[in-house]
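Quick note on numbering: this note's numbering labels position 17 of the sequence shown as 352, and the sequence is numbered without any gaps. Backbone N, C-alpha and C define an ideal beta-carbon position, used for all residues, glycine too.
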Amino acid sequence: MPRPARTAATVLAPESICIPGALLDLSAFRRWVQSTDFPDTGRIDWIDGDLEVDMSPEEINTHGTPKVAIARTLGRLVEDQDLGVVLVASTRISCPEANLSVEPDVVVVLFRSVDQGRVTLVRAAGSTGTRCVEIQGAPDLVVECVSDSSVAKDRLRLRSSYAIAGISEYWIVDARRSEPMLTVLRLVQRGYREVRRNRDGYVRSTLLGLSVRLERQPPRSGLVRYRLAVP
Numbered sequence: 336m337p338r339p340a341r342t343a344a345t346v347l348a349p350e351s352i353c354i355p356g357a358l359l360d361l362s363a364f365r366r367w368v369q370s371t372d373f374p375d376t377g378r379i380d381w382i383d384g385d386l387e388v389d390m391s392p393e394e395i396n397t398h399g400t401p402k403v404a405i406a407r408t409l410g411r412l413v414e415d416q417d418l419g420v421v422l423v424a425s426t427r428i429s430c431p432e433a434n435l436s437v438e439p440d441v442v443v444v445l446f447r448s449v450d451q452g453r454v455t456l457v458r459a460a461g462s463t464g465t466r467c468v469e470i471q472g473a474p475d476l477v478v479e480c481v482s483d484s485s486v487a488k489d490r491l492r493l494r495s496s497y498a499i500a501g502i503s504e505y506w507i508v509d510a511r512r513s514e515p516m517l518t519v520l521r522l523v524q525r526g527y528r529e530v531r532r533n534r535d536g537y538v539r540s541t542l543l544g545l546s547v548r549l550e551r552q553p554p555r556s557g558l559v560r561y562r563l564a565v566p
């Protein structure tokens, strides 16, 4: 059954986020994203025709610090070897084939994916050169850190949409647990398959050609640090 048309703007209180009523499809959503009317705060995603708005504050010790730790190590592994770039938060990826436009916590784009046309860099309206605001297509790896408000989205809806988009690896991080959990999903013919951990807790990334494990450091001054360990 087709979804009902959005005909009137919706205002979310108390944040006063105004959602246009004409967001009928992915193209309209992407135009809104690039307009000056798009909100500066919150995470606003388009997932298979559904508009999902999450205004929850980012929890520092279970979302912010593990995200940065993973991005830092991925940056060393990917950028130092001149393989591509690692992008953190507020990097929008859109995939028309999957009816998807989202801002993952961490995104990895390899140069070869751009060179081979799997990824297109979308320039800002009216700009030239290398000023880009969106990645269209399938980046090579995305990471999502689970929060209380995003469990179903990260584990179910995005898992399906990222597979349809053709993203080679999807990492799901849950640092809310007594032991932080890093789940690596590898794209196969019929969707994602979870990669098994070895007896030491390491899980293999086929894309990177190595194994990784997320480790939590002892708290200090109320802050919790993490390390993406590589044997």
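Counting only the Cα atoms, Ser482 lies some 13 Å from Pro439. In this structure, the CA atom of Asp535 is about 43 Å from the CA atom of Thr465.
When secondary structure is reduced to three states using DSSP, Ala357 falls in the coil class, being assigned neither helix nor strand.
The stretch 512-520 and the stretch 542-552 touch, with three or more beta-carbon pairs separated by less than 8 Å.
Boundaries of the beta strand (DSSP E) harbouring Thr455: 454-458, taken from the DSSP string.
Annotation for Asp509: the continuous beta strand (DSSP E) segment containing it runs 504-509. Within the model, the alpha-carbon separation for Ser436 versus Arg427 is close to 7 Å. For Gly526, the enclosing beta strand (DSSP E) starts and ends at 526-529. If you draw a straight line from the Cα of Glu432 to the Cα of Arg447, it comes to about 20 Å.
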